[in-house]
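K.L.:
So the sequence shown is numbered by our numbering: it starts at 1361 and just counts up by one.
C-beta: ideal position from N, C-alpha, C; glycine also.
Quick one: structure below, then a few questions.
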Amino acid sequence: MRPNVLLYFVKYPTPGKVKTRLAKTVGELEAARLYRELAERNFEVAMSLHQRNVCDLVIAFDPPEKREDIKRWLSLSCEYLPQCGGGLSERLKHAFGEAFQKGAKRVMALGSDTLGLTADIIQQGFEALQSNDVVVGPAEDGGYYLIGSASFQPKLFEGIAWSTSDVLPQTYKTIN
């Protein structure tokens, strides 16, 4: 395993199961199509770093029973890890724990539906983790699109009101 591991969190783009808030406006099929497009674009960004040996790429996928469909959709050449646990806290803890247990030195999690993501942003995150314990890519909605750590820190994901504008402030409070 390379010292840097990127956990790419993705859901299979089933209408009605992804971008549910957006679906209320544009419909389930269109929301799933948009999610798929964005997830594919961001996967290409993540894969480019893997191909340049910047990081190992682990696809943290949901739902677990869609493993083969997701492999056909994205890539057969990556490592796949089912998202385990009921909520996002448990899923993140599990994925980070697995990566560190396998020998990673720096681990970052990235959502698949981030707008404007570039390889440089991800690479800067890994570089920042060489001298910082935690990195966070803040999102405009009060959450984050990226989080990384240089050691397994499960407390980063505890006590967070996910899908609210409080995610980022709660995360910063935990870090400090």
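Sorted by chain position, which residues of the same chain lie with C-beta nearer than 8 Å to LEU1409's C-beta, five sequence neighbours on each side aside?
P.N.:
One-based indexing of the sequence shown puts residue 1409 at position 49. For LEU1409, where only same-chain residues beyond five positions count, the Cβ hits under 8 Å are LEU1366, CYS1415, LEU1417, ALA1479, ILE1482 and GLN1483.
K.L.:
How many Å lie between ARG1396 and LEU1506 at the Cα?
P.N.:
Here the question's residue 1396 lines up with position 36 in the sequence shown. Here the question's residue 1506 lines up with position 146 in the sequence shown. Taking the straight line joining both Cα atoms gives about 19 Å.
K.L.:
Leaving out the 5 sequence neighbours to the left and right, which residues in its chain are closer than 8 Å to VAL1370 when beta-carbon positions are compared?
P.N.:
As a first step, residue 1370 is located in the sequence shown; it is residue number 10 there, counting from the start. Cβ neighbours of VAL1370 beyond the five flanking positions: ALA1399, PHE1403, ILE1419, ALA1420, PHE1421, ASP1422, ILE1430, LEU1434 and SER1472.
K.L.:
Grouping DSSP H, G and I as helix and E and B as strand, with all else coil, what is ARG1466?
P.N.:
Taking the first residue of the sequence shown as position 1, residue 1466 is located at position 106. Reduced to three states, the DSSP call for ARG1466 is strand.
K.L.:
Looking only at DSSP bridge pairs, what is ILE1430 linked to?
P.N.:
For this step, residue 1430 is matched to residue 70 along the sequence shown. In the DSSP output, where bridge partners are listed per residue, ILE1430 has none listed.
K.L.:
Could you check whether the Cβ of VAL1527 sits closer than 7 Å to any heavy atom belonging to the ligand GDP?
P.N.:
As far as ligands go, the structure on display features none, and thus does not contain the ligand GDP.
K.L.:
Can you give me the C-alpha to C-alpha distance between MET1407 and LYS1384, rounded to a whole angstrom?
P.N.:
Stepping through the sequence shown from its first residue, residue 1407 is reached at position 47. Stepping through the sequence shown from its first residue, residue 1384 is reached at position 24. MET1407 and LYS1384: Cα-Cα distance of roughly 32 Å.
K.L.:
Roughly how many whole angstroms lie between the Cα atoms of CYS1438 and GLY1497?
P.N.:
Translated into the one-based positions of the sequence shown, residue 1438 becomes position 78. Translated into the one-based positions of the sequence shown, residue 1497 becomes position 137. Whole-angstrom Cα-Cα distance: 24 Å.
K.L.:
Give a yes or no on whether the C-beta atoms belonging to VAL1527 and GLY1508 are separated by under 8 Å.
P.N.:
Reading the sequence shown from its first residue, position 167 is the one you call residue 1527. Reading the sequence shown from its first residue, position 148 is the one you call residue 1508. In this structure, GLY1508 does not lie closer than 8 Å to VAL1527 by Cβ.
K.L.:
The alpha helix (DSSP H) spanning VAL1527 covers which residue range?
P.N.:
For the purposes of this step, residue 1527 is identified with residue 167 of the sequence shown, where counting begins at 1. Run containing VAL1527: 1527-1535, per the alpha helix (DSSP H) assignment.
K.L.:
Looking only at its chain, what residues have a beta carbon closer than 7 Å to the beta carbon of GLU1388, apart from the 5 residues adjacent to it on each side?
P.N.:
As a working note, residue 1388 is residue 28 in the sequence shown. Result list for GLU1388: PRO1375 and GLY1376, in chain order.
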